[in-house]
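In this note's numbering, the protein residues as written are 0 to 458.
Worksheet: one structure, shown below.
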């Protein structure tokens, strides 16, 4: 599954949780039934694993309060696993040491068991390895009968599979020797990791470890057992490769709206129609000023039958001087989404500028920025005009092509000097192109109020 498909799946799952989360909330109530208590814990685990800000903020706030008053602050036992896990996930060494010492010094066994189940939640590889090392260290403070809780605590964490694999690569001989020279101890670790592996890269990494390290130290029976223990991961990936695209198509069909979190403020659209050649390919650029209402590391726009020049994409913060780098670009043809994955989050309350250069096509289907013709003196004369309703502005320029996402528009059209251009607003100025004297650029006034994309028109 690609990063974009995983993001789409995550978004769909979170939408399923919206109503139940609004009903349950995060705070436990005295009147809660047993089922409600269990549901709240499950929902919060999903939300926090997917790093929903309201959930992670609640959990980290509760954890910080516990650190400030370890003996007096009360956290419901039903919420401790979520609070503790996310306190570590979004904390550092200080938070991890606090919970580790709480485990060592606490006299209630159920509290210790909860802590053992979450100490692997850290994103920090060094801390994850420190925890895993307790399974091969005498007098570590963890009873041997509790070792079985430690590896799952790490690799069941979304970030933990890589940490568990790297620990295995570095410490497999120590695992073998500490467990009375038992190769089954290594196989057991590989088998547990296999249950939660989610990418082919992770499978290949474990296979490489088996081929390059394990096979050099042990006989072929051990190597065969290790490879067999990977069967769960390989079967899971085979199933995903077989049915994943069908599932994702269905999910995308259920959720065709743009993500929340970004609202366009104004567009500056520059277009140069081409009606003289055989390709009918027009050039364009669009400058969009956006307001961010929720933190997000993605920008998703509509575009159809448009080729965006990915080498010239420019995204900058207006509020704070900063240039945003686009890490990956995905085109979702089913929903006509251009998705830009960014190297950092856009911050709620700030404004950003998006500049895109692109090429499009004057089609003949009377939709978008289409072409048509009329006869004059037995001569075919072409014209380009627009029909954007209900959702075809995306054929003329990348945009947030939903009626509710209104913005002000300013349009510039480059035309040959023997033609005319019209748009919603009057022409403010006309400038002759310095490099192509036969091209004149008509700069139209900005719309006085925000309007939907389908209401923009030009010919």
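The C-beta atom is built at its ideal place from N, Cα and C for all residues, glycine as well.
Delimiting residues of the beta strand (DSSP E) encompassing residue i
i           : result
residue 299 : 295–301
residue 364 : Note, residue 364: premise wrong, no beta strand (DSSP E); not H, not E.
residue 315 : 313–316
residue 209 : Residue 209 -> no beta strand (DSSP E), and no H or E assigned at all.
residue 306 : 305–307
Three-state class that DSSP yields for residue i in the structure shown
i           : result
residue 405 : coil
residue 219 : helix
residue 321 : strand
residue 417 : coil
residue 285 : strand
residue 135 : helix
residue 433 : coil
residue 290 : strand
residue 15  : helix
CB of residue i within 8 Å of CB of residue j, strictly
i           : j           : result
residue 299 : residue 263 : no
residue 368 : residue 390 : no
residue 457 : residue 426 : no
residue 405 : residue 449 : yes
residue 48  : residue 78  : no
residue 392 : residue 337 : no
residue 295 : residue 328 : no
residue 53  : residue 81  : no
residue 272 : residue 414 : yes
residue 168 : residue 206 : no
residue 326 : residue 345 : no
residue 137 : residue 189 : no
residue 397 : residue 333 : no
residue 429 : residue 439 : yes
residue 202 : residue 232 : yes
residue 365 : residue 7   : no
Enclosing alpha helix (DSSP H) for residue i [first to last residue]
i           : result
residue 110 : 108–117
residue 163 : 159–177
residue 58  : 52–67
residue 244 : 230–253
residue 185 : 182–193
Per DSSP, the bridge partner or partners of residue i
i           : result
residue 264 : Its beta-bridge partners do not exist; DSSP assigns none.
residue 337 : 300 and 330
residue 378 : 375
residue 444 : In the DSSP output, where bridge partners are listed per residue, residue 444 has none listed.
residue 427 : DSSP lists no partner for residue 427.
residue 2   : Note: residue 2 sits in no beta bridge, so no partner.
residue 358 : 282 and 306
Contact belief for residue i with residue j at Cβ below 8 Å, rounded distance in angstroms
i           : j           : result
residue 314 : residue 267 : Residue 314 to residue 267, Cβ: 15 Å. No contact.
residue 42  : residue 61  : At roughly 16 Å, the Cβ-Cβ gap does not stay under 8 Å, so residue 42 and residue 61 are not in contact.
residue 459 : residue 186 : Absent from the model: residue 459. The displayed extent of the chain is 0 to 458, so no value can be given.
residue 254 : residue 11  : 6 Å
residue 86  : residue 58  : 6 Å
Residue-level contact to chain B via CB, residue i, 8 Å cutoff
i           : result
residue 248 : Reference to chain B is not applicable here, since this structure consists of a single protein chain.
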